[in-house]
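See below for the structure under consideration.
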Amino acid sequence: DPTPSAEDHRLTRSLYEAGKLLGIPVTDHVVVARDGFFSFAEEGLL
Numbered sequence: 001d002p003t004p005s006a007e008d009h010r011l012t013r014s015l016y017e018a019g020k021l022l023g024i025p026v027t028d029h030v031v032v033a034r035d036g037f038f039s040f041a042e043e044g045l046l
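Okay, so the sequence shown: first residue is 1 according to the numbering used here, each after it adds one.
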């Protein structure tokens with residue numbers, strides 16, 4: 001199941017904010033599973 005957990009959401013937000021501070025854009029975070037994937041960017045969450 002590629003549905004992101006609450007921890008995935010927290011980690012993505014932390015990485016995004018750290019990237020902003022360092023001048024490194026985080027363009028996506030992808031959760032991959034056997035039956036598919038979840039893209040934070042495709043879902044408008046980045």
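C-beta atoms are modelled at their ideal positions from N, C-alpha and C, and glycine is treated no differently.
| field | Coil, strand or helix - Gly36 by DSSP | value | strand
| query | Between Val26 and the rest of its own chain, which residues show a CB-CB distance below 6 Å, the 5 nearest in sequence each way excluded? | reply | Leu15, Tyr16, Gly19
| request: Note the first and the last residue of the continuous alpha helix (DSSP H) segment covering Leu11. | output: 6-22
| field | Residue of Thr3, Arg10, Asp28 minimising C-alpha distance to Ala41 | value | Asp28
| task | Enumerate in chain order the residues of its own chain whose CB-to-CB distance from Pro2 is below 8 Å, with the five nearest sequence positions on each side excluded. | result | Val31, Val32, Ala33, Asp35, Gly36, Phe37, Phe38
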